[in-house]
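Trainee: Numbering (numbering that gives the first Met the number 0), first residue to last: 0 to 156.
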Amino acid sequence: MDNLTNKEPGIKDTAVQDSANREQKKREGRSVIGAKAQTILDFLRGCSPYEADSIRVMVGHGTGDGATATIGAADMLAVNRFLNHGLTRENGAGNEAVMKHRQERAQKLMEAVKDFVDIGQLCRVSVALMKITSDCKAVEEARQHLQSQPVTNGGKN
């Protein structure tokens with residue numbers, strides 16, 4: 000009977016320890032997931048409009064086959080939106096001004112993408128961005144859809 004009594008507390012203690020270990024692992028797992036989500040959220044909050052989508056498209060392209068033709072229409076639209084963002088009639092309505100703006104934005108996108116790809120993939124991204132940035136149809140479309148810069152009233156209501 001003594002042996003039986005001695006075994007029972009040991010078994011109970013082990014069960015309690017296992018349960019505590021499981022709870023601790025769950026807490027650790029949740030905090031790790033929470034930390035990952037927080038990191039992603041911090042990254043997204045730091046992105047300018049259309050930047051996160053453009054990074055996603057270009058990283059996918061760089062790690063894929065490298066053929067610009069394989070970039071879908073929706074993804075191409077996302078990249079073009081990023082390249083055209085901030086372009087207004089006031090900064091120039093000519094093709095040269097549009098191209099210059101798009102090239103500057105492409106450089107910013109390359110800077111963002113380089114952290115996610117290796118050098119070979121970065122070359123594929125660079126080639127694709129050169130093609131996208133200088134696409135005559137996209138440049139003309141951007142030029143035709145230029146918005147005027149919002150008028151500020153200098154603090155007067």
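Note that CB positions come from ideal geometry on N, CA and C, so glycine has one too.
All of these numbers come straight from a predicted model, not from anything done at the bench.
(1) Would you call Phe158 buried or exposed, if buried means 16 or more other Cβ atoms sit within 10 Å of its Cβ?
(2) In the DSSP assignment, find the alpha helix (DSSP H) that holds Ala137 and state where it starts and stops.
(3) Quick check: Leu86 and Leu145, are their CB atoms within less than 8 Å of each other?
(4) Once you ignore the five residues that flank Glu7 on each side, which residues in its own chain have a CB closer than 6 Å to its CB?
(5) Is it true that the CB of Gly61 sits closer than 8 Å to the CB of Val112?
(6) Does the beta-carbon of Met129 have 16 or more other beta-carbons within 10 angstroms, so that it is buried, or is it exposed?
(7) Let me confirm a value: Ile118 is counted as buried when at least 16 other C-beta atoms fall within 10 Å, else exposed. Which label applies?
(8) Output needed for Glu50: all residues of its chain with C-beta closer than 7 Å, excluding positions within five of it in sequence on either side, in chain order.
(9) Could you tell me which whole alpha helix (DSSP H) segments of length 4 or greater appear in the region 37-91?
(10) Which partner residues of Gln146 appear in the DSSP bridge assignment?
(11) Does the Cβ-Cβ distance between Val138 and Met75 come in under 8 Å?
(12) Is it right to say Asn94 is buried, meaning 16 or more other beta carbons lie within 10 angstroms of its own, or is it exposed?
(13) Measure the C-alpha to C-alpha separation of Thr69 and Ala127 and round it to an integer number of angstroms.
(14) Expressed to the nearest angstrom, what Euclidean distance is found between the alpha-carbon atoms of Ile54 and Lys136?
(15) Please list the terminal residues of the continuous alpha helix (DSSP H) segment that includes Lys130.
(16) If we count the other Cβ atoms within 10 Å of its Cβ and call it buried at 16 or more, is Ile131 buried or exposed?
Mentor: Walking through what the data contain:
(1) Residue 158 falls outside the range modelled here, since the chain spans only 0 to 156, and no answer is possible.
(2) Taking the first residue of the sequence shown as 1, we reach residue 137 at position 138. 135-143 is the span of the alpha helix (DSSP H), which, as asked, contains Ala137.
(3) As a first step, residue 86 must be located in the sequence shown, where it is residue number 87. As a first step, residue 145 must be located in the sequence shown, where it is residue number 146. Their beta carbons are under 8 Å apart, which means Leu86 touches Leu145 by this criterion.
(4) Within the sequence shown, residue 7 is the residue found at index 8, counting from 1. Legend: pLDDT at Glu7 = 48, less than 50; position of this residue unreliable, value from coordinates given subsequently. Taken in chain order, the list of residues that qualify is empty.
(5) Within the sequence shown, residue 112 is the residue found at index 113, counting from 1. Within the sequence shown, residue 61 is the residue found at index 62, counting from 1. Against a cut-off of 8 Å, the Cβ pair of Gly61 and Val112 comes out as a contact.
(6) For the purposes of this step, residue 129 is identified with residue 130 of the sequence shown, where counting begins at 1. When all chains shown are included, Met129 counts as exposed.
(7) Numbered from its first residue, the sequence shown carries residue 118 at position 119. Looking at its Cβ environment, which holds fewer than 16 other Cβ atoms inside 10 Å, Ile118 is exposed.
(8) Here residue 50 refers to the residue found at position 51 when the sequence shown is read from its first residue. Excluding sequence neighbours, Glu50 sits near Phe81, Ala111.
(9) 50-62, 72-83
(10) Numbered from 1 along the sequence shown, position 147 holds the residue referred to as residue 146. Thr87.
(11) Residue 138 sits at position 139 when you count from the first residue of the sequence shown. Residue 75 sits at position 76 when you count from the first residue of the sequence shown. Not a contact, by the Cβ cut-off of 8 Å.
(12) Within the sequence shown, numbered from 1, the residue matching residue 94 stands at position 95. Asn94 should be labelled exposed.
(13) Reading the sequence shown from its first residue, position 70 is the one you call residue 69. Reading the sequence shown from its first residue, position 128 is the one you call residue 127. Each residue's Cα considered, the two are about 11 Å apart.
(14) The residue labelled residue 54 in the question sits at position 55 within the sequence shown. The residue labelled residue 136 in the question sits at position 137 within the sequence shown. Spanning the two alpha carbons is a distance of roughly 22 Å.
(15) Here residue 130 is taken as the residue at index 131 of the sequence shown, counted from 1. Here the alpha helix (DSSP H) through Lys130 covers 118-132.
(16) For the purposes of this step, residue 131 is taken as the residue at position 132 of the sequence shown. Flag for Ile131 reads buried.
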